[in-house]
Amino acid sequence: MLARAQEQSGIAIHAFVFLSNHYHLLVTTTDAAQLAQFVGYLNSNLAREVARLHGWEGKVWARRYEAILVSDEDSAQVERLLYLVRQGCKEGLVDDPLEWPGATSWQAMLSGDPPTGIWFDRTSECHHRRNGAPSSEHDFAIPQTVTLTPLPAWADLSAAERRARLEDLLDLARTEARSRRKETGRRAIGPKAVQRLDPLSIPIDSRRRPAPLVHATSREVRLAFLEAYRLFTAAYRRAADALRAGFAAVVFPDGCFPPPGPFRKPAIA
Numbered sequence: 010m011l012a013r014a015q016e017q018s019g020i021a022i023h024a025f026v027f028l029s030n031h032y033h034l035l036v037t038t039t040d041a042a043q044l045a046q047f048v049g050y051l052n053s054n055l056a057r058e059v060a061r062l063h064g065w066e067g068k069v070w071a072r073r074y075e076a077i078l079v080s081d082e083d084s085a086q087v088e089r090l091l092y093l094v095r096q097g098c099k100e101g102l103v104d105d106p107l108e109w110p111g112a113t114s115w116q117a118m119l120s121g122d123p124p125t126g127i128w129f130d131r132t133s134e135c136h137h138r139r140n141g142a143p144s145s146e147h148d149f150a151i152p153q154t155v156t157l158t159p160l161p162a163w164a165d166l167s168a169a170e171r172r173a174r175l176e177d178l179l180d181l182a183r184t185e186a187r188s189r190r191k192e193t194g195r196r197a198i199g200p201k202a203v204q205r206l207d208p209l210s211i212p213i214d215s216r217r218r219p220a221p222l223v224h225a226t227s228r229e230v231r232l233a234f235l236e237a238y239r240l241f242t243a244a245y246r247r248a249a250d251a252l253r254a255g256f257a258a259v260v261f262p263d264g265c266f267p268p269p270g271p272f273r274k275p276a277i278a
C-alpha cells in the first residue's frame with residue numbers, strides 16, 4: 010500500500026516504520042496537496058484492509074494524520090531518523106530495531122535492495138466476480154516496490170557511508186535497549202510476542218503529548234519558522250474573513266487549502 014500510495018502521488022520516501030496502531034514516515038513533498046493525496050490514499054486503503062482482516066466496524070483512525078515539518082538542518086533530519094529507528098525498542102518490545110515484525114525501511118537501507126510487496130487489486134477482482142468471469146487471485150496480485158530516497162542530510166554521501174551512519178543509529182538504539190533492560194530488570198517481550206498481541210487492545214500509556222510545529226535543533230531556525238507560520242496563518246485568516254464577508258475575489262496565501270465559499274442566494278426575478 011505504501012508503494013502504491015507513492016506511485017499515485019510521486020512523494021519521496023526516506024524512511025518508514027509501521028507499528029501496532031500508527032506509523033512514522035520521513036518524506037519530502039513538493040507541497041501540501043501532494044502530501045494530502047499521498048496520506049489520503051494510504052490511510053483510506055489501510056483502513057479498508059484492517060477492517061477486512063479484523064472485522065473492524067466504524068472508524069479505524071482515531072484522528073487525522075499529523076504532519077510535522079523537519080528543518081533543513083542535518084542534525085534535525087538525523088535526529089528524526091533516530092526517532093524512527095528507536096520505535097519498538099524504546100517501548101521495551103524488541104531489543105533490536107531489525108527485530109521489529111512490522112514493516113520498516115531499515116533492512117532495505119542497509120542492503121540497498123528496495124522494499125517490495127504485493128498490491129491486491131480488490132476492485133478488479135470484485136468486478137470480475139460480479140460479471141462471472143473466470144479468474145484466480147494471482148490475476149489481481151500486482152508487485153509493488155517502494156523507492157527510497159536518501160535523507161537530504163546524507164544525499165552527498167556514498168551508499169557505504171549512508172549504511173555506516175544508519176548502523177551507528179541502530180547500534181545506539183540497541184545500546185539504549187540494553188541500558189533500559191539493566192535499569193528496569195525487564196526484558197523485551199520479543200517479536201513473536203508482539204505478533205500475538207491483540208490488535209484491538211488499547212496501549213496502557215495512550216496519553217497524547219503536544220506535537221511541535223517544526224523539528225529543528227537550533228533556536229534561530231525554530232523561531233524563524235514560527236514567525237513565518239504566524240505570518241502565513243494571519244494572511245489566511247484575513248482572506249477567510251473577507252470570503253465570509255462576501256468578497257468573492259479573495260487571494261489566499263500560496264500553499265494553503267482555501268475554505269469553500271459562502272452560499273450564494275439565487276437572484277429573485
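In terms of the working numbering, the numbers along the sequence shown are unbroken and rise by one, the last being 278.
All C-beta atoms, glycine included, are put in the ideal place defined by N, C-alpha and C.
Please name the residue or residues paired with residue i in a DSSP beta bridge.
i, result
"Tyr32", "Phe27"
"Ala150", "Phe129"
"Ala21", "Thr37"
"Leu157", "Ile22"
How many whole angstroms separate the CB atoms of residue i and residue j, which I take to be in contact at a CB cut-off of 8 Å?
i, j, result
"Ser29", "Pro200", "That belief does not hold up - the Cβ atoms of Ser29 and Pro200 are roughly 12 Å apart, past 8 Å."
"Ala237", "Gly101", "That pair is no contact at about 39 Å."
"Ser133", "Val223", "With 8 Å as the limit, Ser133 and Val223 do not qualify as a contact, their Cβ atoms being about 42 Å apart."
"Leu178", "Leu240", "No, Leu178 and Leu240 are not in contact; Cβ-Cβ is about 35 Å, not under 8 Å."
"Gln96", "Val26", "5 Å"
"Gly194", "Asp40", "Contact doesn't hold; Cβ gap of about 49 Å is too wide."
"Leu119", "Leu175", "6 Å"
"Val155", "Gln15", "6 Å"
Between which two residues does the alpha helix (DSSP H) harbouring residue i extend?
i, result
"Thr184", "Ala168 to Thr193"
"Tyr202", "Going by the sequence as given, residue 202 is Ala instead of Tyr. Unbroken alpha helix (DSSP H) run through Ala202: Pro200 to Arg205."
Figure out for me which residue from the options has the closest Cα to the Cα of residue i.
i, options, result
"Arg290", "Arg57, Trp109, Glu75 and Ser120", "Since the first residue of the chain shown is 10 and the last is 278, residue 290 is not available in this structure."
"Ala85", "Arg131, Glu16, Thr226 and Leu178", "Thr226"
"Glu66", "Tyr74, Ala56, Arg72 and Arg73", "Ala56"
"Arg273", "Phe261, Pro267, Leu252 and Arg247", "Leu252"
"Leu78", "Arg61, Val36 and Asp104", "Val36"
"Thr158", "His137, Asp122 and Tyr92", "Asp122"
"Phe129", "Arg13, Ala257 and Ala243", "Arg13"
"Phe266", "Ala244, Asp105, Phe234 and Asp180", "Ala244"
"His23", "Met10, Gln17 and Thr38", "Thr38"
"Pro161", "Val87, Thr154 and Ile20", "Val87"
"Thr125", "Tyr92, Arg205, Met10 and Arg246", "Met10"
"Val69", "Ser167, Pro269, Ala150 and His31", "His31"
"Ala76", "Ala186, Leu119 and Ala42", "Ala42"
"Leu93", "His33, Pro152 and Leu62", "His33"
"Ala150", "Arg131, Ile20, Gln17 and Val259", "Arg131"
"Phe261", "Arg246, Pro275 and Glu58", "Arg246"
"Gln46", "Val59, Gly19, His63 and Gly111", "Gly19"
"Ala21", "Ala164, Gln204, Ala248 and Pro268", "Ala164"
"Ala220", "Tyr74, Glu170, Tyr50 and Leu51", "Tyr74"
"Ser190", "Ala173, Gly111 and Cys98", "Reading off the sequence shown, one finds Arg at residue 190, where the question assumed Ser. For the residues Ala173, Gly111 and Cys98, the minimum Cα distance to Arg190 belongs to Cys98."
"Ser210", "Arg138, His63 and Leu51", "His63"
"Arg217", "Glu58, Gly111 and Ala71", "Ala71"
"Glu82", "Ala249, Gly255, Phe234 and Thr242", "Phe234"
Provide the residue span of the beta strand (DSSP E) that contains residue i, from first to last.
i, result
"Thr125", "Thr125 to Phe129"
"Ala162", "From DSSP, Ala162 is part of no beta strand (DSSP E); its letter is neither H nor E."
Whole runs of the alpha helix (DSSP H) within the stretch 202-277, excluding any shorter than 4 residues:
228-253
Which ranges would you report for the beta strand (DSSP E) in the stretch 67-139 if only whole runs of at least 3 residues count?
125-129
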